[in-house]
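Residue numbers (full-length UniProt numbering): 1 to 96.
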Amino acid sequence: MDYEDSDWDDDYDDYGDDDFGDDDEVDTISCPECGADVYEEADSCPVCGCYLHHGLYAGSRYPWYTFGGALAEWSPFWLFLAMAGVIGVIFVLMVL
1 MDYEDSDWDD DYDDYGDDDF GDDDEVDTIS CPECGADVYE EADSCPVCGC YLHHGLYAGS
61 RYPWYTFGGA LAEWSPFWLF LAMAGVIGVI FVLMVL
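If you want it as structure tokens, here you go:
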């Protein structure tokens, strides 16, 4: 039987190398609470149940008022008190 396109199996080589063996690599991130490896697309950690936030606006590990974790030990009350003190000092210096 004579086919019109005798090199039909050579067309497959035009698509490049096989990517079938790349299934071994799995994208994981570490949980911010317990440090366990979690799938990148997971919504929560399977170990501790911590919800994971994805993207810039979805949330982050630290709230904005901790300045990226530098003030993670401080509660919002103490930060508010410190900011009120700075504003109070500036106001007093402007009045004098």
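Glycine residues also receive a C-beta, built at the ideal position from the N, C-alpha and C atoms.
- Note on V38: 16 or more other CB atoms within 10 angstroms of its CB, so buried under the neighbour-count rule.
- A buried status is given to C31, since no fewer than 16 other beta-carbon atoms sit within 10 Å of its beta-carbon.
- In terms of CA proximity to C50, E33 leads the group E33, E40, E41.
- The shortest CA-to-CA distance from E41 to any of G35, C48, V47, V26 is the one to V26.
- If you draw a straight line from the Cα of C45 to the Cα of H53, it comes to about 11 Å.
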